[in-house]
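Peer 1: Quick one: this structure, given as structure tokens, is what I'll be asking you about.
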Ligand SMILES: Cc1cc2nc3c(=O)[nH]c(=O)nc-3n(C[C@H](O)[C@H](O)[C@H](O)COP(=O)(O)OP(=O)(O)OC[C@H]3O[C@@H](n4cnc5c(N)ncnc54)[C@H](O)[C@@H]3O)c2cc1C
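Now the structure itself:
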């Protein structure tokens, strides 16, 4: 009987455990245990019901175009619980000089694929519009080395595009800065388009031609009726009884002649394989004795912290708020808020008709210190900024604050080279695999895929 330890009970670890469970049900002789230092499973997937509203403390959905999370839901038998975002109302605003300015139609991520709406938009200055037109004629360009997202975007559209779009979009996804994040790791499609087409605009158009027409396209975001925690709960419920070990922090993982010893508190257990599905930072102390080289590569992967603040309001506020999914705040606006979602528009069934729910994002690599502030200070900042941005003076019916320390891995320039070094170090340790958001994708579907890939890797390795 093969024994496998999974360390970390977030979505990456749970997806790995369920992949093992499927193999066990298929007749493979194996057993597994999931170690989780906290009292609950799911990691940053956490959902709360307040006053009839469904509040996501962490992720609220995942990108539909990345199939791995939805496929997992199908295998779990909860496919009927999948829901899409309300894309008919998918307007997003950027705060420019204190005013909410809609993103023009035809922008794909930050790339204009239709020049007319971009040229008519008040989001960009004349100089940026001139660059957009000129960019359309850029010749293909091969670059051998990695660079930041900001460097590539600036080359095509200038600094204003970085400041107004690239930076706020990336701080929403990664809690990081366009000037630090690796374009090859974060936006590999941009690198491919630049080398094939030269112009990102023409490259995006070519990609779009192969996509389904808008009316038959699936919603951009997928989630679950009961919130993202429903996925974690279904995974935990689908595992063999007795496999989950909550409140059990692993302190060391040591190689033996055959297999591994996993030590947690006073207990040590022997396993044939180990999957580490914690953050890279949390994995460092586990390896410091066994593999210092691996530990030092993992230590070099930076993380940022983030915070979500949910505020519920009554129907009068709902009627007064703008249409659309929400807004992004460029750094130059001098606010602490990075973005806000109008949940009642993005996922209407999560909020009763007589309520409004606004979810604000703060923190990120530039403002880690905000997580240290007490709740009343944080609420004071958020309410004052909502007052200035939306003219929102009403008293909230309820508020919730969720702090996620060191939760967002930052794929800084050189990240892919670091992964190569990590992968070659791991070859010395067949039977050991890493999963999680530190490596090849930060989104929930990427984490699911990383957990499933880790299972294949350890079972193939030893
Ligand atoms: C606020 C926020 C919003 C997000 N929004 C989205 C979104 O909308 N869509 C999307 O796709 N992605 C989103 N993400 C990203 C995505 O949710 C995460 O990247 C992903 O859920 C990480 O899962 P994980 O299992 O790798 O890590 P985690 O969820 O961090 O789980 C790791 C687990 O390991 C445990 N652990 C750590 N050390 C030990 C130890 N020594 N022993 C035992 N257990 C240990 C921890 O307690 C934790 O439970 C968001 C993230 C955050 C923080």
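In the working numbering, the protein residues as written are 153 to 614.
The beta-carbon is built from N, C-alpha and C at its ideal position, and this holds for glycine as well.
Computed from a predicted structure; not experimentally measured.
1. Tell me whether the stretch 565-579 and the stretch 190-204 touch, counting them as touching only if at least three CB pairs, one residue from each stretch, are closer than 8 Å.
2. With distance defined between alpha-carbon atoms, name the residue in 157, 158, 504 and 173 nearest to residue 389.
3. Any idea if residue 231 is buried or exposed, counting beta-carbon neighbours within 10 angstroms, 16 or more meaning buried?
4. Out of 250, 369 and 341, which one is the CA nearest neighbour of residue 358?
5. Just the Cα atoms here: how many angstroms apart are residue 553 and residue 597?
6. Any heavy atom of ligand 1 inside 7 Å of the beta-carbon of residue 616?
7. Helix, strand or coil: which one does DSSP assign to residue 564?
8. So who's on the other strand from residue 421, going by DSSP bridges?
9. Express the C-alpha separation of residue 604 and residue 171 in angstroms, rounding to a whole number.
10. What is the residue span of the beta strand (DSSP E) that residue 248 lies within?
11. Shortest alpha-carbon distance to residue 274 belongs to which of 290, 306 and 313?
12. Would you list, in sequence order, the uninterrupted alpha helix (DSSP H) runs of no fewer than 4 residues that lie entirely inside the stretch 383-414?
13. Quick one: what does DSSP say residue 441 is sitting in, helix, strand or coil?
14. Whose C-beta lies closer than 7 Å to the C-beta of residue 266 among residues of the same chain, with five residues either side of it excluded?
15. Could I get the ranges of all uninterrupted alpha helix (DSSP H) runs contained in the stretch 321-372, with 4 residues as the minimum, in chain order?
16. What are the start and end residues of the alpha helix (DSSP H) that includes residue 145?
17. Is residue 599 near ligand 1, going by C-beta to nearest heavy atom under 7 Å?
18. Counting pairs of Cβ atoms below 8 Å between the stretch 522-537 and the stretch 210-228, do you hit three or more?
19. When burial is assigned at 16 or more other CB atoms within 10 Å of the CB, is residue 501 buried or exposed?
20. Relative to the C-alpha of residue 202, which residue among 157, 572, 548 and 468 is closest?
21. I believe residue 320 touches residue 246 by the beta-carbon criterion, under 8 Å. Please report the beta-carbon distance rounded to the nearest angstrom.
22. Out of 293, 327, 416 and 391, point me to the one whose CA is closest to residue 642's CA.
23. What are the residues that DSSP puts in a beta bridge with residue 199?
24. Tell me whether residue 408 is buried or exposed, calling it buried when 16 or more other Cβ atoms sit within 10 Å of its Cβ.
25. Have a look at residue 584 and residue 602 and give me their C-alpha separation to the nearest angstrom.
26. Can you look up residue 610 in the DSSP assignment and give me helix, strand or coil?
27. Within the continuous beta strand (DSSP E) that includes residue 159, where are the two ends?
28. Leaving out five residues before and five after residue 116 in sequence, what residues of the same chain have Cβ atoms less than 8 Å from its Cβ?
29. Once you ignore the five residues that flank residue 316 on each side, which residues in its own chain have a CB closer than 7 Å to its CB?
30. Measure the C-alpha to C-alpha separation of residue 610 and residue 573 and round it to an integer number of angstroms.
Peer 2: According to the structure shown:
1. Touching, no.
2. Counting from one through the chain shown, the residue named residue 389 turns up at place 237. Checked all of 157, 158, 504 and 173; the closest Cα to residue 389 is 173.
3. Your numbering for residue 231 matches position 79 in the chain shown. Exposed, since its Cβ has fewer than 16 Cβ neighbours within 10 Å.
4. Your numbering for residue 358 matches position 206 in the chain shown. Residue 341 is the option with its Cα nearest to residue 358.
5. On the chain shown, residue 553 is found 401 positions in, with the first residue counted as 1. On the chain shown, residue 597 is found 445 positions in, with the first residue counted as 1. Each residue's Cα considered, the two are about 25 Å apart.
6. The question about residue 616 has no answer here: the residues shown for the chain are numbered 153 through 614.
7. Walking along the chain shown from the start, residue 564 turns up at place 412. Under the three-state reduction of DSSP, residue 564 is assigned to strand.
8. Your numbering for residue 421 matches position 269 in the chain shown. According to DSSP, residue pairing for residue 421 in a beta bridge involves 414.
9. The residue labelled residue 171 in the question sits at position 19 within the chain shown. The residue labelled residue 604 in the question sits at position 452 within the chain shown. Straight-line Cα distance between these residues: approximately 6 Å.
10. Counted from its first residue, the chain shown places residue 248 at position 96. Going by DSSP, residue 248 is part of the beta strand (DSSP E) stretching over 244-248.
11. Start at 1 with the first residue of the chain shown, and residue 274 comes out as number 122. The shortest C-alpha separation from residue 274 is found at 313.
12. Whole alpha helix (DSSP H) segments, 4+ residues: zero.
13. One-based indexing of the chain shown puts residue 441 at position 289. Residue 441 falls in the coil class under three-state DSSP.
14. The residue labelled residue 266 in the question sits at position 114 within the chain shown. Contacts found: 257 and 258.
15. Here the runs fully enclosed are 335-338, 340-348 and 352-361.
16. No answer is possible for residue 145: it lies beyond the span of the chain, which begins at 153 and ends at 614.
17. Position 447 of the chain shown, counted from the start, is the residue given in the question as residue 599. Yes - ligand 1 has a heavy atom lying nearer than 7 Å to the Cβ of residue 599.
18. No, they do not touch.
19. Counting from one through the chain shown, the residue named residue 501 turns up at place 349. Result: exposed.
20. Locating residue 202 in the chain shown gives position 50, where the first residue counts as 1. Residue nearest to residue 202 within the set 157, 572, 548 and 468 is 548 (criterion: CA-CA distance).
21. Position 168 of the chain shown, counted from the first residue, corresponds to residue 320. Position 94 of the chain shown, counted from the first residue, corresponds to residue 246. By a beta-carbon distance limit of 8 Å, residue 320 contacts residue 246. Their separation comes to about 7 Å.
22. The structure shown does not extend to residue 642, since the chain is modelled only from 153 to 614, so the question has no answer here.
23. Reading the chain shown from its first residue, position 47 is the one you call residue 199. According to DSSP, which records beta bridges pairwise, residue 199 is partnered with 208.
24. By 1-based counting over the chain shown, the position of residue 408 is 256. Looking at its Cβ environment, which holds fewer than 16 other Cβ atoms inside 10 Å, residue 408 is exposed.
25. For the purposes of this step, residue 584 is taken as the residue at position 432 of the chain shown. For the purposes of this step, residue 602 is taken as the residue at position 450 of the chain shown. Distance between the alpha carbons of residue 584 and residue 602 is about 13 Å.
26. The count along the chain shown starts at 1 and reaches residue 610 at position 458. Residue state for residue 610 is assigned as helix, using DSSP reduced to three classes.
27. By 1-based counting over the chain shown, the position of residue 159 is 7. Here the beta strand (DSSP E) through residue 159 covers 154-159.
28. Summary: the structure shown does not reach residue 116, with the chain confined to residues 153 through 614, and so no result is reported for it.
29. Position 164 of the chain shown, counting from 1, holds the residue named residue 316. If the five residues before and after residue 316 are omitted, its C-beta is found closer than 7 Å to the C-beta atoms of 246, 248, 275 and 482, all from its own chain and listed in chain order.
30. The residue given as residue 610 occupies position 458 in the chain shown. The residue given as residue 573 occupies position 421 in the chain shown. The alpha-carbon separation between residue 610 and residue 573 amounts to approximately 18 Å.
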